[in-house]
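Engineer: Residue numbers (the working numbering), protein chains in the order written: chain A, 675 to 919; chain B, 675 to 919. For every residue, glycine included, the Cβ atom is placed at its ideal position computed from N, Cα and C. Please read through the structure below; I'll follow up with questions.
There are 2 protein chains.
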Amino acid sequence: MRYKIIIEYDGTPFVGWQRQDNGLSVQECIETAIESLFQEKPTLFGAGRTDSGVHATGQVAHFDITTKELDTYSIKTGLNHYLKIYPISILDVTEVDAKFHSRFDATERKYLYRIINRTSPLSIEKGRAWLVMKDLNLEKMQACIPIIEGKHDFTTFRSVNCQSKSPIKTLNSCKITRQDDNIYFGFVAPSFLQHQIRSIVGTLKMVGEELWDVERFKEALEAKDRSKCGALAPADGLYFMEVSY
Amino acid sequence: MRYKIIIEYDGTPFVGWQRQDNGLSVQECIETAIESLFQEKPTLFGAGRTDSGVHATGQVAHFDITTKELDTYSIKTGLNHYLKIYPISILDVTEVDAKFHSRFDATERKYLYRIINRTSPLSIEKGRAWLVMKDLNLEKMQACIPIIEGKHDFTTFRSVNCQSKSPIKTLNSCKITRQDDNIYFGFVAPSFLQHQIRSIVGTLKMVGEELWDVERFKEALEAKDRSKCGALAPADGLYFMEVSY
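Below, the structure is given as structure tokens:
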């Protein structure tokens, strides 16, 4: 039986989604919980490999169970029971076709980046947003949207360690909105390169601070050169929101 | 010189606003920061005495400085520097008249209580909302609003340790709204009794769960009897939002 799960987590204490030797990952925590519940060692496939510190409100993953049968409600409450010491929450469990693949079948991924733009440090929202003290010009950042929407070579906005075969990606949409001190950057695409959103937001922030003009942002993308990226926004403000199939 | 400050804090690690012998308070942290900045021992007067675990996005306080003079921007950044190990942020500093009193001059206080109504545990919002798993009936909770708005004897919804002279308070307004899984309870009044909001929300939740009907909520208020209170909502979901003068 194959199960699809939707997962929310606070990325702060983890090395990221994926299992690594240097610390605790979200994947390892959930795999251990599945093993505790089913007495069967699973492999969990996630739709997106979030970095250390990146949060999720709608990560999707799947795993197979060959022995024990449990209804989806019992799986959800059982996994949440075994996960309770971690800031990981299983929001939903469904049975899916044995051909379903959380990563390869995903047609669209949605991310949100959150900046808090004010001159005072964060307290309640510490670790949950990027604090930018210099006043950001929303209109200038929004003027960059048409430059990055659509199909482009995103080499400039891609980690040197990115394992994607191609740097060419299609950004379906980018939206930038402000609500009081909060600036939200919404990104939708079939898939993203490693550090793509954090690189774009870090560079948009330089445009917002008026250290860069819109033209320079355009030139940076067109340069297809990682060294032309403005800055890498911290993981704290990034949320993996939703996966469509 | 008298200064008015606006303060945001995550209440989780504190024994509450007010100095106490049994642990660290927000007041003590800020008084220590003021002393570090001015080399003068201040007394800080807060507009509201939030309990342990209660958050603030707009607590107001004042203090006097007789020796050193600093501009308000330097006070704000200086205090935030000394407070940086704590989840406390000074949002604003202004010079005020020597007669201004943060507590006694307040004409209106605004609080927000936040419930997350879903069957999965909290992760990102842990400590920042009350998780209620049973589906809440918004309309039935809203039907209780006319019962508590206005001037009433709130003995039922008041801590037995409350030090207010009178249990009679005027609740200017109560608003209950839902946004996805979030249920927000907004309260505005000149002043509140100890545990008043948490007692009201805890009891409204029983109406929302349909364990109580609206009539019983009305009878509870009218009983003027603490033992008739439904439940006390946890501190995690309560935010002290704003003070008007």
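1) Kindly say whether His729 (chain A), judged by its beta-carbon, lies nearer than 8 Å to any beta-carbon of chain B.
2) Which residues in chain B have a C-beta closer than 8 Å to the C-beta of Ser763 (chain A)? List them in chain order.
3) I'd like to check one pair, Ile764 (chain B) with Ile679 (chain B): are the Cβ atoms closer than 8 Å?
4) Assuming contact is defined by CB atoms lying nearer than 8 Å, are Leu906 (chain A) and Gly876 (chain A) in contact in what I supplied?
5) Select from A:Ala803, A:Gly690, A:Phe719 the residue whose C-alpha is nearest the C-alpha of Phe778 (chain A).
6) Are there 16 or more other CB atoms within 10 angstroms of the CB of Glu682 (chain A), so buried, or fewer, so exposed?
7) How far does the alpha helix (DSSP H) with Ser907 (chain B) in it reach, from first residue to last?
8) Please confirm whether Lys800 (chain B) has its beta-carbon closer than 8 Å to some beta-carbon of chain A.
9) Assign Tyr747 (chain A) to one of two classes, buried (16 or more other C-beta atoms within 10 Å of its C-beta) or exposed (fewer than that).
10) From which residue to which residue does the beta strand (DSSP E) around Val767 (chain B) run?
11) Chain B beta carbons: is any one of them nearer than 8 Å to that of Tyr677 (chain A)?
12) Could you please give me the residues that DSSP links to Tyr683 (chain A) through a beta bridge?
13) Figure out for me which residue from B:Asp766, B:Ile789, B:Ile749, B:Thr751 has the closest Cα to the Cα of Gln733 (chain B).
14) In terms of residues, what are the limits of the beta strand (DSSP E) holding Cys848 (chain A)?
15) Step through the CB atoms of chain B and report whether any lies within less than 8 Å of the CB of Asp745 (chain A).
16) What is the rounded straight-line gap between the Cα of Lys710 (chain B) and the Cα of His755 (chain B)?
17) Taking C-alpha atoms, which residue in A:Lys784, A:Asp809, A:Arg783 lies nearest to Asn922 (chain A)?
18) Report the rounded CA-to-CA distance for Cys848 (chain A) versus Val834 (chain A), giving the unit in angstroms.
19) On the DSSP bridge list, what partners appear for Asp725 (chain A)?
20) Can you tell me whether Lys742 (chain B) is buried or exposed? The criterion is at least 16 other CB atoms within 10 Å of its CB, across all chains shown.
21) Output yes or no for whether 8 Å exceeds the beta carbon distance between Arg852 (chain A) and Leu912 (chain A).
22) Does DSSP put Ala707 (chain A) in a helix, a strand or coil?
23) Just list the alpha helix (DSSP H) runs in the region 779 to 828 of chain A, keeping only unbroken ones of 4 residues or longer that don't cross its boundaries, in chain order.
24) Would Lys684 (chain A) count as contacting chain B if we go by Cβ distances under 8 Å?
25) With 16 as the cutoff for other CB atoms within 10 Å, does Ala707 (chain B) come out buried or exposed?
26) With three or more C-beta pairs closer than 8 Å as the rule, is the region 891 to 906 of chain B touching the region 820 to 832 of chain B?
27) Could you name the residues of the region 836 to 868 of chain B whose beta carbon sits closer than 8 Å to any beta carbon of chain A, in the order they occur along the chain?
28) Using the DSSP secondary-structure output, state which residues sit across from Asp738 (chain A) in a beta bridge.
29) Determine, using beta carbons only, whether Lys758 (chain A) comes closer than 8 Å to chain B.
30) Identify the residues that DSSP records as bridge partners of Asn835 (chain B): which are they?
31) When we look at the beta-carbon of Gly722 (chain A) and count the other beta-carbons within 10 Å, is it buried (16 or more) or exposed?
32) By Cβ distance below 7 Å, which residues in the same chain neighbour Asp855 (chain B) in space, the five residues on each side in sequence not counted?
33) Roughly how many angstroms separate the alpha carbons of Gln701 (chain A) and Ser776 (chain B), rounded to a whole number?
Structural biologist: Let me spell this out:
1) yes
2) Ser794, Pro795, Leu796, Ser797
3) yes
4) yes
5) A:Phe719
6) buried
7) Residue identity check: residue 907 (chain B) is Ala in the sequence provided, not Ser. Unbroken run through Ala907 (chain B): none, as it is neither H nor E.
8) yes
9) exposed
10) 762 to 770
11) no
12) A:Ala730, A:Ile762
13) B:Asp766
14) 847 to 853
15) no
16) Position check: residue 710 (chain B) holds Ser in this sequence, whereas Lys was assumed. Cα to Cα, the separation comes out at about 10 Å.
17) Residue 922 (chain A) lies beyond the range of chain A shown here (675 to 919); nothing can be said about it.
18) 23 Å
19) A:Gly690
20) exposed
21) no
22) helix
23) 812 to 816, 819 to 822
24) It is worth fixing the name first, because residue 684 (chain A) is Asp in this sequence and not Lys. Interface residue, yes.
25) buried
26) yes
27) none
28) A:Arg676
29) yes
30) DSSP lists no partner for Asn835 (chain B).
31) buried
32) Ile790, Asn791, Arg792
33) 49 Å
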